Amino acid sequence: MHPFVAVGVVLVLVELSFLVRAEGFDGWRFGNNATVLAPSPWLRKKVIEEDYKNWFPKHGCSHKSCRKGGEDGRPERKKKMKCCKNRCVDVGSDVNNCGFCGRRCSFPRQCCRGLCVNTNKSKFNCGKCGHKCPFRIRCIYGMCGYGQDPRRPSESRWKPPHRPKDRHRLPPLYRRSS
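Quick note, the sequence shown lines up with residues -22 to -1, 1 to 156 if you use mature numbering (1 follows the signal peptide of the UniProt record, and there is no 0).
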């Protein structure tokens, strides 16, 4: 048997196995009284009709379908969801859609609050978004103060007050009893 024929037979068998699996799956059932068919009990508990509509809208996504409420039902204010290429995307942190759809951050940069930021050098986003370095400490390689000389003591240090020269003029609390 030639190697090309063997490879062709294997490819045909693989395609047939996918067709058999696709025909055997009934799909997801949603409705008023329909049960959720899921491959596992855990997934069956997690999949809810409303969440399914937000993840995979029938006719693509819209800005209303991308607004997903928090646990209390109110919309979350931290995430800025947009509909990009029929997918709901958080444009505040997605590297491929930073700030708006289609804006991609180059390699060393991350998307922090909708802006492409170099987290290796940024003093306000050092190593990760929102990590600030202390005052007068630089961000190098994503670490605050990496390879930086330790702080030198300032010349105008605090000095203790001078000791009075005449011990007899001290207030009564500080006099020594003989």
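Using N, Cα and C, we set each Cβ at its ideal position, and we do this for glycine too. Quick caveat, the model's predicted, so the values are computed rather than measured.
For Gly123, the nearest candidate out of Ala(-17), Ser100, Val(-16) (CA to CA) = Ser100
Where does residue 162 land, buried or exposed, given buried means 16+ other C-beta within 10 angstroms?
-> No statement about residue 162 is possible, as the shown extent of the chain runs from -22 to 156 and does not include it.
Mind checking if His109 is an interface residue toward chain C, Cβ cutoff 9 Å exclusive?
-> Reference to chain C is not applicable here, since this structure consists of a single protein chain.
Report the three-state DSSP secondary structure of Cys44 (helix, strand or coil).
-> helix
Runs of beta strand (DSSP E) wholly within the segment 48 to 95 (minimum 3 residues, chain order) = 59 to 62, 65 to 68, 87 to 90
Leaving out the 5 sequence neighbours to the left and right, which residues in its chain are closer than 6 Å to Arg82 when beta-carbon positions are compared?
-> Asn74
Going by alpha carbons, who is nearest to Phe78 out of Pro112, Pro138, Asp68, Phe85?
-> Asp68
Which listed residue (His109, Pro138, Asp127) has its alpha carbon closest to that of Gly120 = His109
So what does Ile118 bridge to, in DSSP terms?
-> Ile118 is bridged by DSSP to Met121.
Same chain only: Cβ atoms within 7 Å of Lys57, ignoring 5 sequence neighbours per side | Asp68, Gly70
With a threshold of 16 other CB atoms inside 10 Å of the CB of Gln126, please say whether the residue is buried or exposed.
-> Counting the other CB atoms within 10 Å of its CB gives Gln126 a total below 16, which places it among the exposed residues.
Thinking Asn103 and Cys90 are a contact (beta carbons under 8 Å), I'd like their distance in whole angstroms, please.
-> The pair is a contact, with the Cβ atoms about 5 Å apart (cut-off 8 Å).
For Phe113, which of helix, strand or coil comes out of DSSP?
-> It is coil, neither helix nor strand.
Could you tell me the distance, in whole angstroms, from the CA atom of Pro128 to the CA atom of Ile115?
-> 10 Å
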